[in-house]
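Single-structure report; data block below.
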Amino acid sequence: MTRVEPRSLDTTSGDCLGAERDQRRRPRSNVRDIMERLRTIVEGTDTPAGRTFDLVVQALILASLATFTLETIPGLSAQTKYVLDVVEVVAVVLFSLEYALRVTVSRPVWKYSLSGFGLIDLAAILPFYLRLGIDLRSVRVLRVLRLFRILKLVRYSKAIANVRAALKSVRSELVVFMVATVLVLYIAAVGIYYCEHEAQPKAFASIPHCLWWAVATMTTVGYGDVYPITPAGRIFTFLILMLGLGVVAVPTGLVSSALTRGKVGGADVDAGEGESRDNR
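Just so you know, this note's numbering puts the end of the sequence shown at 340, numbered straight through with nothing missing.
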């Protein structure tokens with residue numbers, strides 16, 4: 061009889077256990093691979109699949125906005141309304157799948173859900189589900205929520221991303237300027253009230269009423285429905301108009317300067333990377 065060595069039994073059993081472990085690990089690794097591929101497609105733009113995904117989503121956004129616009133035309137035929145409804149349903153279903161994919165590949169899961177883009181994406185599909193069983197024409201605020209879909213385009217625009225970065229870099233200055241603007245608006249409303257109330261009690265009935273005049277004047281819009289007729293009111297309006305030029309010019313200058321710094325900084329970074337590659 062052939063004698064079986066104990067070591068050979070140990071080796072055989074060890075190989076079996078190792079094979080079982082490998083089989084258990086394979087499904088997990090496959091799931092991880094699938095998740096990584098989905099994450100690359102959904103969140104990345106450096107692959108053909110990722111760029112195709114972005115283009116499809118952008119096309120859906122434009123199609124959805126087109127239906128939102130066309131359905132307001134009076135006298136549409138029943139067939140046209142049906143086509144618009146079909147396009148809307150298809151767009152919402154695909155937007156919902158996109159939202160589910162982004163939530164799934166996000167790490168942690170709640171990070172995307174609570175982000176600005178996550179809330180925008182949710183608001184873009186929410187009206188469709190809220191109107192189930194409800195006449196959307198009687199709940200107009202839900203129709204307005206569909207406009208959030210246009211904000212989805214922000215994710216795919218490099219220019220808008222540059223503007224966002226510029227606004228972020230000067231946000232403290234903009235906050236200070238906005239506070240100062242609110243104070244000046246209040247002073248303008250109070251000043252024109254005391255200058256014009258006696259001469260025009262209906263047009264300048266109260267300080268809250270005068271705030272509309274202050275906003276229209278400081279933003280240099282000047283609708284012309286309310287205007288001063290007294291010498292003091294006209295002089296005061298001239299001073300407010302001069303301040304209004306600054307209301308428009310200052311934030312524009314801040315953002316323009318931030319955009320210029322961002323472009324120069326990006327050029328410097330690209331140049332530095334090019335030199336480092338040449339040195340290598």
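C-beta atoms are modelled at their ideal positions from N, C-alpha and C, and glycine is treated no differently. Everything numeric in this text was worked out from a predicted model, so none of it was measured.
Using 8 Å for Cβ pairs, my map puts Val250 next to Ile267. What's the rounded Cβ distance? Working through the sequence shown from its first residue, we reach residue 250 at position 190. Working through the sequence shown from its first residue, we reach residue 267 at position 207. Rounded, the Cβ-Cβ distance is 6 Å, consistent with contact.
If you reduce the DSSP assignment to three classes, tell me which class Lys141 lands in. Along the sequence shown, read from residue 1 onward, the residue named residue 141 stands at position 81. Of the three classes helix, strand and coil, the one that applies to Lys141 here is helix, per DSSP.
Val102 and Leu174 - do their beta-carbons sit closer together than 7 Å? As a first step, residue 174 is located in the sequence shown; it is residue number 114 there, counting from the start. As a first step, residue 102 is located in the sequence shown; it is residue number 42 there, counting from the start. Not closer than 7 Å, so no.
Inter-residue spacing [alpha-carbon to alpha-carbon] between Arg99 and Val165: Indexing the sequence shown from 1 puts residue 99 at position 39. Indexing the sequence shown from 1 puts residue 165 at position 105. Going from the Cα of Arg99 to the Cα of Val165 covers about 5 Å.
For Val281, name the three-state secondary structure that DSSP assigns. Here the question's residue 281 lines up with position 221 in the sequence shown. Three-state result, Val281: coil.
Once DSSP output is grouped into helix, strand and coil, what is the label at His257? In the sequence shown, the residue the question calls residue 257 occupies position 197. The answer is coil: DSSP assigns His257 none of H, G, I, E or B.
Alpha carbons only, please: which of Val235, Glu148, Ala138, Ala123 is nearest the one belonging to Val307? Working through the sequence shown from its first residue, we reach residue 307 at position 247. Of the candidates Val235, Glu148, Ala138, Ala123, the one whose C-alpha sits nearest the C-alpha of Val307 is Val235.
Cβ pair count under 8 Å reaching 3, the segment 284-293 against the segment 303-321: no
For the candidate residues Met95, Ala151, Leu314, whose alpha-carbon lies nearest to that of Val169? Mapped onto the sequence shown, residue 169 falls at position 109. Out of Met95, Ala151, Leu314, Met95 has the C-alpha closest to the C-alpha of Val169.
Just to confirm my understanding: we take Ala274, look at its own chain, exclude 5 residues before and 5 after, and list those with CB closer than 6 Å. What are they? Reading the sequence shown from its first residue, position 214 is the one you call residue 274. If we look at Ala274 and ignore the five residues flanking it on each side, its Cβ neighbours are Leu245, Ala248, Ala249.
Would you tell me roughly how many angstroms separate the C-alpha atoms of Ala109 and Thr312, rounded to the nearest one? Position 49 of the sequence shown, counting from 1, holds the residue named residue 109. Position 252 of the sequence shown, counting from 1, holds the residue named residue 312. Computed Cα separation, rounded: 38 Å.
Report the rounded CA-to-CA distance for Ile220 versus Ser316, giving the unit in angstroms. Indexing the sequence shown from 1 puts residue 220 at position 160. Indexing the sequence shown from 1 puts residue 316 at position 256. Straight-line Cα distance between these residues: approximately 13 Å.
Just to confirm, is the Cβ distance from Val230 to Ala318 under 7 Å? Within the sequence shown, numbered from 1, the residue matching residue 230 stands at position 170. Within the sequence shown, numbered from 1, the residue matching residue 318 stands at position 258. For Val230 and Ala318, yes; Cβs fall inside 7 Å.
Do Lys212 and Ile121 have their C-beta atoms closer together than 7 Å? Within the sequence shown, the letter at position 152 stands for residue 212. Within the sequence shown, the letter at position 61 stands for residue 121. A contact, by the Cβ cut-off of 7 Å.
For Ala265, which of helix, strand or coil comes out of DSSP? Looking up residue 265 in the sequence shown gives position 205. Note: Ala265 maps to coil in three-state DSSP.
Presumed contact (8 Å Cβ cut-off) between Phe298 and Ile252, rounded CB distance: What you label residue 298 is simply residue 238 of the sequence shown in a count that begins at 1. What you label residue 252 is simply residue 192 of the sequence shown in a count that begins at 1. The Cβ separation is near 12 Å, so there is no contact.
Hey, could you find the ends of the alpha helix (DSSP H) Gly135 is sitting in? In the sequence shown, residue 135 corresponds to position 75, counting from 1. Per DSSP, Gly135 belongs to no alpha helix (DSSP H) and is neither H nor E.
Counting along the chain, where does the alpha helix (DSSP H) carrying Pro187 start and finish? In the sequence shown, the residue the question calls residue 187 occupies position 127. Where Pro187 is concerned, the enclosing alpha helix (DSSP H) stretches over 176-190.
Select from Asn90, Val239, Thr279, Tyr287 the residue whose C-alpha is nearest the C-alpha of Lys262. Position 202 of the sequence shown, counting from 1, holds the residue named residue 262. Nearest option by C-alpha distance: Tyr287.
For Met278, is the classification buried or exposed, using 16 other Cβ atoms within 10 angstroms of its Cβ as the cut-off for buried? Here the question's residue 278 lines up with position 218 in the sequence shown. Its Cβ being crowded by 16 or more others within 10 Å, Met278 is buried.
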